[in-house]
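See below for the structure under consideration.
Numbering (our numbering), first residue to last: 5 to 159.
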């Protein structure tokens, strides 16, 4: 008899539960007492797949063929970069066009302190690794020469 009364209690509990629990099961999200905590444990979203292709802006516009021991004008200078206290790869992966534009838009330096003008002269005459597209684009070299001429450091 004890087994049958336990069975009846279980049956009544399941009967009541079938009417009370469907509302809780209907929501897709788990219930949380703290609203901000509900979103903090969300599974990470998959990041969109990135293309393995390098953007065209990072590549030189043309392919240049040069001897391995060939020097470009942008790679020569009067003082080594280390002597100036700068890194040889100062220009990084910048293009010659970007560097030429930066040099040409510098203020004339007439109101600048003499130490700043000397530093600019040293940077423009220093020996650094050339820009990534220096073999096919000499704009940075020409901008350096033009700037040195306007400063009166070349004759």
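From the three backbone atoms N, C-alpha and C, an ideal C-beta is built for every residue, glycine too.
None of these values were measured; they are calculated from a predicted model.
Inset, instruction - With DSSP collapsed to three states, give me the class of residue 89. - result: Three-state result, residue 89: coil.
Legend entry - Backbone CA spacing between residue 156 and residue 75 [nearest angstrom]: 26 Å
Legend entry - Under the three-state DSSP convention, the category residue 130 falls into: In this structure, residue 130 counts as strand in the three-state DSSP scheme.
Inset, instruction - Express the C-alpha separation of residue 142 and residue 109 in angstroms, rounding to a whole number. - result: In this structure, the alpha-carbon of residue 109 lies about 17 Å from that of residue 142.
Inset, instruction - Could you check the C-alpha separation between residue 83 and residue 113 for me, to the nearest Å? - result: Spanning the two alpha carbons is a distance of roughly 22 Å.
Inset, instruction - Please state if the CB of residue 105 and the CB of residue 128 are separated by a distance shorter than 8 Å. - result: no
Legend entry - Limits of the alpha helix (DSSP H) - the one that residue 149 falls within: Counting along the chain, the alpha helix (DSSP H) containing residue 149 begins and ends at 143 to 155.
Legend entry - Exposed unless 16 or more other CB atoms sit within 10 angstroms - verdict on residue 147: buried
Legend entry - Endpoints, alpha helix (DSSP H) assigned at residue 108: 100 to 108
Inset, instruction - Indicate the three-state DSSP secondary structure (helix, strand or coil) for residue 118 in the structure shown. - result: Helix.
Legend entry - Proximal residues to residue 93 (C-beta, below 6 Å), its chain only, five neighbours per side dropped: In chain order, 133 place their CB closer than 6 Å to the CB of residue 93, counting only its own chain and leaving out the 5 sequence neighbours on each side.
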